[in-house]
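In numbering that gives the first Met the number 0, the protein residues as written are 0 to 660.
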Amino acid sequence: MNAQEIRRAYLKFFEDRGHKIIPRALLVPQNDPTTLFTGSGMQPMIPYLLGAEHPEGKRLVDSQTCLRAQDIDEVGDNRHTTFFEMLGNWSLGDYFKAEQIPWMFEFLTEVVGLDPSKLYITCFIGAPKYKIPKDTEAAEIWQKLFQAKGIEAEVADIGSEADGYQRGIKPGERIFYYDGAKNWWSRNGAPETTPVGDPCGPDSEMFYDFGTPHNPEYGEHCHPNCDCGRFMEIGNNVFMAYRKEAEGKFVLLEQPNIDHGSGLERIAAAANDNPDVFKISIVWPIIAKLEEISGKRYDSHTASMRVIADHLRAATFLAVDGVVPSNKEQGYVMRRLVRRAIRFAFELGVEQNFLEQIVPVIADLYHDDFPEVAQNRGKVIEVLVKEEKAFRQTLRKGLQQFDKLFAPRYPELVSGSSPENMPATVEQGMPKQVRHDGDAMTHGESLFTLYDTYGFPVELSVEEAFKRGIELDNNWQQQFDAKMAEQRARSQTAAKGVFKGGLGGQTMQHKKYHTATHLMYEALRQVLGDHVVQHGSNITEERLRFDFSHPDKMTPEQIKQVEDIVNEQIGKDLKVSYAEYPTKVAREEMGALGAFGDRYGETVKVYKMIADGEDKPFSFEICGGPHVDHTAQLAEGGKHFKILKEESSSAGIRRIKAVLV
Ligand code: ATP
Ligand code: MG
């Protein structure tokens with residue numbers, strides 16, 4: 000079966016078992032400002048897995064297009080792409096393990112026709128600390144299925160991934176128990192880090208054994224979760240059976256869910272019995288075209304061709320979904336993907352426009368299965384070709400400037416440069432000797448100017464310098480970073496000016512409402528959940544107004560809970576203070592809250608509101624201020640926090656108006 004056939008067969012298989020086929024969600028999430036892209040089939044299903052009723056019922060199936068920009072550095076290996084399709088089926092409180100496991104086994108072995116002796120399985124080992132048992136139920140179901148095919152399938156304990164590399168696998172073993180880092184699903188990983196209030200549960204992953212020799216660089220012994228490439232994870236079945244009620248306490252859900260996701264490209268690779276996902280029917284034609292355009296062979300230019308094919312497939316779907324290249328958010332990622340593909344094409348010797356030839360090949364691959372690709376074909380080609388032209392223009396200008404900037408130190412360059420020359424060809428006639436005569440602008444500064452003013456990528460500047468025999472200052476990177484930091488500081492100062500103006504004043508009343516907004520934001524997240532993200536805030540002398548993501552109208556009880564929490568925190572007289580942190584640390588390590596769409600510089604100011612004697616702040620939020628010094632000030636004159644109104648602001652966004660009275 001080829002990839003298109005596998006996709007269709009999967010949808011049909013589950014449709015025959017009572018599932019509604021639902022359309023894929025767009026690559027840009029519509030009601031979830033916390034992430035740029037849809038990265039799994041489960042993501043658009045979260046509200047329903049959390050209990051909201053799905054209009055199409057309790058059994059659903061789809062093929063979800065996914066984009067994982069975070070996997071960009073893994074593209075080039077045999078099995079990762081930034082863009083891929085995830086085949087998913089869900090039971091929303093309907094069937095469970097006893098149906099899901101046999102269905103998947105049947106689909107893989109009977110429908111796709113995979114050899115069962117090449118399938119390996121992992122299950123959850125249990126967490127005695129939290130009274131969560133080992134998932135023997137899943138392991139036994141799998142074992143019986145293998146036995147029915149005449150395969151003994153012994154079950155073995157592994158534990159952690161590290162244990163796997165030490166222990167390896169023994170003959171006859173096929174089903175392995177791993178710990179919470181590998182076989183537990185929640186929105187935030189293992190049982191320890193599962194968010195309180197969230198559903199979660201053990202999962203069971205399916206691997207295909209390509210039988211390639213183990214590469215000991217990854218660890219001593221091979222095991223299913225080894226990354227050497229012998230075993231490829233093709234899919235994951237999540238048994239969402241628990242809810243984390245409090246730290247360390249997990250309770251069984253009355254109506255557990257199934258959440259299954261398999262990589263279409265990977266199943267197709269397994270069906271080919273070839274570990275290279277780029278050889279499958281929905282990718283190979285792109286590579287074949289690249290071979291034709293470049294006259295180079297995939298075998299000798301594997302990594303570059305993989306990157307180009309992946310990035311252009313991703314960019315094509317982004318264009319289908321309405322994204323256009325720009326300098327922010329999704330558009331920025333798209334621009335990066337397109338430009339990176341063009342840069343990698345240089346390595347194939349392709350220096351002329353080529354997207355016009357490649358994009359139609361990609362569109363054809365999806366033409367029959369995703370009608371929106373067919374409908375938007377013309378527009379998609381136009382958007383991508385336009386970006387290619389813009390980038391080549393940038394490159395040309397950058398090259399001219401490169402020569403101008405370096406001329407004072409390398410006078411020979413001026414005569415040797417020509418705007419028509421593209422990067423790989425300009426080296427002819429260039430001096431090869433190294434000169435250092437200490438000019439006004441350092442190398443790092445020149446590269447920064449090229450990047451900042453002309454958009455010329457730093458990687459290309461470095462290559463150009465190398466080609467021209469210019470030995471860059473050892474510390475060019477530091478020089479470059481220093482200029483970058485200066486520029487950020489300038490734009491932040493400018494932004495602060497805007498912010499201050501926008502606030503329209505800083506009276507005591509403003510400060511109080513500003514502080515109350517932080518308390519309420521945290522309270523909303525505690526009452527409604529972590530999906531609550533600020534979408535806007537407006538403060539006057541009279542009231543605060545706050546927009547946030549949440550799918551439903553708040554109930555009177557929820558409103559009351561939020562008011563109570565805020566008043567309680569006002570009563571506790573939290574101390575309000577702030578400190579600056581590197582943005583990455585504040586966001587990723589310390590979990591500081593932010594607002595949707597806000598862009599941050601290198602460092603951010605974070606406001607902390609904490610009660611005396613407590614070590615965890617109640618609120619920890621990125622913000623420019625200003626605030627009161629301690630929260631009891633909000634209660635001055637016997638005032639209380641009260642929500643006046645809770646209403647819809649736009650799709651998926653609620654608006655609250657609240658006062659201190
Ligand atoms: P891996 O460890 O291989 O990166 P993962 O644990 O990130 O996979 P999941 O998040 O469980 O994968 O996603 C479910 C399925 O989606 C995987 O079993 C795999 O088949 C597929 N998948 C995940 N990431 C990619 C990718 N970058 N390219 C292609 N398929 C992928
Ligand atoms: Mg991954």
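Beta carbons: idealized from backbone N, C-alpha and C, even for Gly.
Neighbour-count burial assignment, residue i, 16 or more Cβ in a 10 Å radius
i	result
Leu251	exposed
Glu264	buried
Ala147	exposed
Ala97	exposed
Gln374	exposed
Asn474	exposed
Ala631	exposed
Ser185	buried
Asp114	exposed
Ala464	buried
Ala308	buried
Asp178	buried
Gln165	exposed
Glu588	exposed
Gly651	buried
Ser618	buried
Thr506	exposed
Gln427	Note on Gln427: pLDDT 32, under 50, position unreliable in the model; the coordinate value appears next. The residue is exposed, with fewer than 16 neighbouring Cβ atoms inside 10 Å.
Thr272	One detail in the question is off: residue 272 reads as Asp in this sequence, not Thr. By the 10 Å Cβ count, Asp272 comes out exposed.
Leu643	exposed
The beta strand (DSSP E) enclosing residue i, as first and last residue numbers
i	result
Val154	153-158
Ala245	230-245
His509	Looking at the DSSP string, His509 is not in any beta strand (DSSP E); the run it does join, the alpha helix (DSSP H), is 507-527.
Gln533	533-538
Ala657	652-659
Gln63	58-66
Tyr176	172-177
Leu643	640-649
Thr135	Where Thr135 is concerned, there is no enclosing beta strand (DSSP E), although the alpha helix (DSSP H) it sits in stretches over 135-147.
Leu118	118-123
Ile621	618-621
Per-residue DSSP class, three states only, for residue i
i	result
Gln427	Note on Gln427: pLDDT 32, under 50, position unreliable in the model; no value is reported.
Val349	coil
Val461	helix
Asn214	coil
Ser303	helix
Lys248	strand
Tyr331	helix
Asp208	strand
Arg467	coil
Pro665	Residue 665 lies beyond the residue range present for the chain, which begins at 0 and ends at 660; the question has no answer from this structure.
Leu26	coil
Pro581	strand
Asp258	strand
Gly163	helix
Ala488	helix
Phe277	helix
Host alpha helix (DSSP H) of residue i (start-end)
i	result
Asn566	555-570
Glu443	As written in the sequence, residue 443 is Gly, which differs from the Glu given in the question. Note, Gly443: alpha helix (DSSP H), 442-453.
Ala287	283-293
Phe390	376-405
Leu354	354-365
Thr602	It is not in any alpha helix (DSSP H) - Thr602 instead sits in the beta strand (DSSP E) that spans 602-609.
Phe95	Note, Phe95: premise wrong, no alpha helix (DSSP H); not H, not E.
Tyr9	2-14
Whole-number beta carbon distance between residue j and residue i, since they are thought to touch under 8 Å
i	j	result
Tyr9	Ile257	Actually they are not in contact, since the Cβ atoms of Tyr9 and Ile257 sit about 15 Å apart, beyond 8 Å.
Lys57	Gly87	Not confirmed; about 14 Å, so no contact.
Val575	Met608	5 Å
Val739	Phe36	Outside the displayed span of the chain (0 to 660) sits residue 739, for which this structure offers no information.
Thr393	Gly454	5 Å
Asp551	Gly535	Their Cβ separation, rounded to whole angstroms, is 19 Å, which puts Asp551 and Gly535 out of contact at 8 Å.
Glu540	His513	Not a contact, Cβ separation roughly 12 Å.
Met483	Gly260	Actually they are not in contact, since the Cβ atoms of Met483 and Gly260 sit about 39 Å apart, beyond 8 Å.
Pro194	Phe238	That belief does not hold up - the Cβ atoms of Pro194 and Phe238 are roughly 18 Å apart, past 8 Å.
Ile569	Ala522	Incorrect: roughly 11 Å between the Cβ atoms, too far for contact.
Arg312	Ile285	7 Å
Practice task
Please list, following the chain, all residues that have a C-beta closer than 6 Å to any non-hydrogen atom of ligand 1.
Solution key: Ser39, Arg67, Asp70, His79, Thr80, Phe83, Met85, Glu232, Ile233, Gly234, Asn235, Gly260, Ser261, Gly262, Glu264, Arg265
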